[in-house]
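In my numbering, the protein residues as written are 284 to 778. A virtual CB, placed ideally from N, CA and C, is assigned to each residue, including glycine. Following: one structure in structure tokens, then a few remarks.
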């Protein structure tokens, strides 16, 4: 109190000029610049003080060409202050509620001038700063400041450091003005009188940082949004009884990430990770317990594994990863089929999925054509070799599996770091006759026999999807060709 009183007395002694108190209201997490609105002279001394004790937090000595920032207020201003060496304006970065209070500017030159700002903070730092939309949607980024009419200029930028994207300037009566010189935002921007920016028919190329400066004569509010535009739905096909992993494509999730998996058009939550409190939750009782004992969530990557999958688990799976700076949304269409189903039933499953996900219709139609590929027919004479081609290049961490017959017996696989393995199964039927290319995963059967006839299923598991191929192999006895004979071992008889 003594310091404050002495400071006030000194102002009167030096003939100080004081202004009325300016009110500044800022959302938590924003940045704000407090303006001096003066032309600094070469011998001016600019001092910024904070709080009831008028603690010195920043000083500009133009005569000595020196800027000083102080941290004697319990560390609350650490790495948060910037002082403009031309204007003396003070910027406070990433505002928090503990920074509320009185800020006082003192300009000492030929006379002493003071300005006082009463600073209040509202809202939540995490509220609305990250926006996630799907390709083709529209999104509105809100200026969201109290009494917007007090602000003269609202200017939006895309990607930091770029030229302005849209501007509303009440000083020049520009309502509004757009810059779409690079073409990507042509006919997509709408700026209303509140300063809120709408981007219509958004595309993936519009993902990135959007910054808005909201300026009045006394201060400027700086706010940033991170917009993420999701691509098309990923399609995954899997056979009943198998396991499938839906990948987040992250090597690790961050400390404050919240990961959520939802299922179906009812948007039912089935699994969550809250990294901040190190909590992983799996909801086993939802949807009449159909996911019970089937779900695993990787606490490092957030990827979801569904074990022993059944046909009633076909549908839409939605992933959301949210933290303060970003929001990511991904969707997967999973279709589960069983060997032995008629082609009509299989097609029905796919069509049902596509109807459930109307927003992903184009992706679903494309997916239906490949979710259960038609078997490629091969015929070879007994004793000749045959190669089943994957038409694929194996990458690190890819898994290639070959199965044979109605029982879908695993006969060969590639799995890092074990390399290529061929299994001695089915009473040694394929002993020493299988070779798998480490580059492509293609399977060669040498010295073929009639017992090798049947269906071979290829499963390729890569980082972001699982795909299938089927081959129907007929090995013909070299002494007699039977074109109308019974079904070979491993064939699927369609009802």
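- Taking the Cα of residue 586 as reference, the smallest distance to any Cα among 551, 533, 526 is reached at 533.
- The residue among 469, 603, 720 with its C-alpha nearest the C-alpha of residue 486 is 469.
- Within the same chain, and ignoring the five residues on either side of residue 684 in sequence, the residues whose Cβ sits closer than 7 Å to its Cβ are 693, 696, 742.
- Around the beta carbon of residue 535, fewer than 16 other beta carbons lie within 10 angstroms, which makes this residue exposed.
- By the Cβ test, the segment 533-552 is not in contact with the segment 345-353, since fewer than three Cβ pairs between them sit closer than 8 Å.
- Rounded to the nearest angstrom, the gap between the Cα atoms of residue 314 and residue 392 is 29 Å.
- By the neighbour-count definition (other C-beta atoms within 10 Å, threshold 16), residue 357 is an exposed residue.
- Put simply, of 537, 502, 670, 601 the residue whose alpha carbon is nearest the alpha carbon of residue 549 is 601.
- Counting only the Cα atoms, residue 427 lies some 26 Å from residue 467.
- For residue 751, the uninterrupted beta strand (DSSP E) run begins and ends at 749-759, by DSSP.
- If you check the CB distance, residue 367 and residue 500 do not come in under 8 Å.
- Bridge pairing for residue 508: 493 [DSSP].
- By the Cβ test, the segment 666-685 is in contact with the segment 720-730, since at least three Cβ pairs between them sit closer than 8 Å.
- If you keep only unbroken alpha helix (DSSP H) runs of at least 4 residues inside the segment 408-482, you get nothing at all.
- In this chain, the beta strand (DSSP E) harbouring residue 344 covers 338-344.
- Taking the Cα of residue 530 as reference, the smallest distance to any Cα among 440, 575, 581 is reached at 581.
- In the displayed model, residue 567 falls within coil according to three-state DSSP, outside both helix and strand.
- Boundaries of the beta strand (DSSP E) harbouring residue 545: 541-546, taken from the DSSP string.
- Apart from sequence neighbours up to five positions away, the residues of its chain that approach residue 593 with a beta-carbon distance below 7 Å are 523, 619, ordered along the chain.
- Taking C-beta atoms as the reference points, residue 404 and residue 378 count as a pair closer than 8 Å.
- For the pair of segments examined, the segment 434-441 was found to touch the segment 481-497: the number of CB pairs separated by less than 8 Å reaches three.
- Collapsing the DSSP output to three states places residue 519 in a strand.
- For the pair residue 750 and residue 676, the CB atoms are not nearer than the 8 Å cut-off.
- Between the beta-carbon of residue 569 and that of residue 554 there is about 10 Å, and that puts the pair past the 8 Å contact cut.
- Taking a 10 Å sphere around the C-beta of residue 380, we find fewer than 16 other C-beta atoms and assign the residue as exposed.
- Excluding sequence positions up to five before and after residue 538, its CB lies within less than 7 Å of the CB of 558, 559, all in the same chain and listed in chain order.
- Taken in chain order, the complete beta strand (DSSP E) segments of 3 residues or longer contained in the segment 671-700 are 682-687, 692-698.
- The alpha carbon of residue 518 has as its nearest neighbour, out of 716, 678, 614, 561, the alpha carbon of 614.
- Residue 663 and residue 744 do not touch by the CB rule: their CB atoms are close to 28 Å apart, not below 8 Å.
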